[in-house]
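Protein chains in written order, with the numbering used here: chain A, 9 to 358; chain B, 9 to 358.
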């Protein structure tokens, strides 16, 4: 009887220890909690993994207001200071230029093209290789769709109109614009509207209707241009590779599935909000002209883009390999987009 | 001691019974196992839920070769003969016309628009209401993207060219075409290529490059038209509502997350394969002309579509409510698609 009791107790202990094997994970977010979709995304992830794992995973989400390091998420997850991150890889291009290729590329793929490339055209394998060197496992975390080209106070017709223009624009887009003679300016976010109103700047590029509206740019800049610089901005979940590799298989599946649910949420919500907010802007400001840069300007931007990308390719064979993989898929992927969605929408337009 | 033993044993029993609470689910699939993406989808679902639930859910996938009822999946899941289904709702339009609105609508939304509407524009709530009456809980299961307008042996320039034309086309698209004087034909799948070659039919509509290629239509019909009839064909997972409602919360989350992963897989893989196969077709058959119907034909098709949809709306207030919800979102959603992806792709085209 004693044997049975001992046996029984040890079985109980084994069972409950296995049931209690909990992962308390800390996630560092790049976007503040109140940013539409992107601020909500890590909270959704937390809810999903906690529910699906029935509490075996617990996630604490820290926003920049807490960790004070919005653009150091990569390092914090790499080092293990945080277990997870929610961010966009192009913020780390100063550290490793090729990482930005997994976010979006000027004149690059649209969302559906990029997802097809990433998942079935070799992108995921390249990403795995690149991020393993940073001790990271990554999962796509939600695309915000095409970013608009910006709000301009005056109509831009020729390349001459761009020369000397004071434009607030960050990242690769800004670098490319400066090659065309634009004065790139990086005024702090809080001062953007005032700077535009007071003509300290002539134009500002932010994101797309859903995120632009709260700044009020539409009140003072009447030309809103279609984008070219970030056709499909992808966000990503980072997870410390050492930690992830050791997790049980069911929890790995749960984490990956949760990132997919969040990805869909971000893209679908962004698409919806961009449509709703664009409609509101147009109704409240019927004087706004939504337009595109001229073929002359687009050609010049494309040329400047290729110069920069080719320089970066020359410096890093892996950058080159990823870029070539994207270009090779995009060539055929774009043909399909053109004869399917684009032609359909053009043909059914009244 | 005896008390302790009894207690211990009952705890073991409780723990193991809870651990052993298994759901052995049967899934009926509409598409045969070897159909690209759509045949694979239920297998992926099975793998995902089994892994994430650590075996608490087991799924047996039955294909049409087994259950012999590809287009009776709705009834089989409704009645509980099967627990789950993988199918497309427009196959059941004879039973309940409004169900097809959740698959795709001629001249309706593109994939990104439809997903935005479904998830954030009120679609999901309408779907829930409609399918609850069929004792079903549904989850989107993967969009195959735009379906092409078909392979035609002769160029179609005017409405007159359509009159008397023998076209193999099923569903609402066929009904609409017949309003324009087309002879709609529903030759069995196995005889399609021969019928086209022997001029028993003049044209055939199937799906899109990824699924069309294996029939060999490209060898005998040289005009491939952009579609209008199914701009975003969505597939769905059905689950018996009585069963689903009683499942524990973690398993409900796991099932829903798995459907999202599968959804992404289908759309991304279809996008990728359509691009790859289109490229192959163009290379192997450089004489093929990929083109669009004229504005005159598109207008006539649109008019015939509206007539049919309005008739159906008049018969069923819920049909009307769903259609109006879609039209209302599409009006603003399309504006965003046009100034974002479509304008970007047009502007960056060389």
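For every residue, glycine included, the Cβ atom is placed at its ideal position computed from N, Cα and C.
The beta carbon of residue 126 of chain A lies closer than 6 Å to those of 132 in the same chain, with the five residues before and after it left out. Taking a Cβ-Cβ threshold of 8 Å, the residues of chain A close to residue 355 of chain B are 234, 236, 300, 301, 303, 306, in chain order. Inter-segment contact for the region 245–261 of chain B and the region 136–155 of chain B is present: three or more beta-carbon pairs are separated by less than 8 Å. With its beta carbon less than 8 Å from one in chain B, residue 129 of chain A belongs to the interface. Taking a beta-carbon distance threshold of 8 Å, residue 94 of chain B does not count as an interface residue toward chain A.
Taking residue 278 of chain B as reference, the option from B/155, B/295, B/86, B/244 with the minimal CA-CA separation is B/155. Against chain A, a Cβ distance below 7 Å from residue 170 of chain B picks out nothing, because the smallest value is about 16 Å.
Comparing alpha-carbon positions, the option among B/241, B/93, B/261 lying closest to residue 111 of chain B turns out to be B/241.
Look at the beta carbons and you see the region 86–101 of chain A not touching the region 210–225 of chain A: under three pairs across the two are nearer than 8 Å.
Assigned with DSSP and collapsed to three states, residue 297 of chain B falls in strand.
Beta-bridge partners of residue 144 of chain B (DSSP): B/248.
Look at residue 261 of chain B: its C-beta is under 8 Å from a C-beta on chain A. If you ignore the 5 residues before and after residue 71 of chain B, its C-beta comes within less than 6 Å of the C-beta of 37, 40, 41, all in its own chain and listed in chain order. Proximity of residue 293 of chain A to chain B, defined by a Cβ-Cβ separation below 8 Å, is not satisfied. Contact of residue 282 of chain A with chain B by beta-carbon distance below 8 Å involves 344, 348. For a Cβ distance threshold of 7 Å, residue set 265, 268 of chain B lies close to residue 269 of chain A, ordered along the chain.
Annotated as distal: residue 218 of chain A and residue 151 of chain A, with beta-carbon spacing of 8 Å or more. Taken through DSSP and simplified to helix, strand or coil, residue 232 of chain B comes out as strand.
If you draw a straight line from the Cα of residue 330 of chain A to the Cα of residue 65 of chain A, it is about 34 Å long.
Interface with chain B (8 Å Cβ-Cβ cutoff): residue 340 of chain A is included. By the Cβ-count criterion, residue 347 of chain B is buried, with 16 or more other Cβ atoms from all chains shown falling within 10 Å of its own Cβ. The beta carbon of residue 179 of chain A is closer than 7 Å to those of 98 in its chain, skipping five residues each way along the sequence. Between residue 272 of chain A and residue 118 of chain B, the gap from beta carbon to beta carbon reaches 8 Å or more. The continuous alpha helix (DSSP H) containing residue 314 of chain A extends over residues 303–323. The Cβ atoms of residue 108 of chain A and residue 266 of chain A do not sit closer than 8 Å to each other.
Residue 242 of chain A is bridged by DSSP to A/151. Listed in chain order, the non-local C-beta contacts of residue 324 of chain B below 8 Å within the same chain comprise 105, 106, local neighbours out to five positions each way being set aside.
Among the CB atoms of chain B, none fall inside 8 Å of the CB of residue 46 of chain A.
Just so you know, the alpha carbons of residue 88 of chain A and residue 95 of chain A end up roughly 16 Å apart. A Cβ of chain B is located within less than 8 Å of the beta carbon of residue 153 of chain A.
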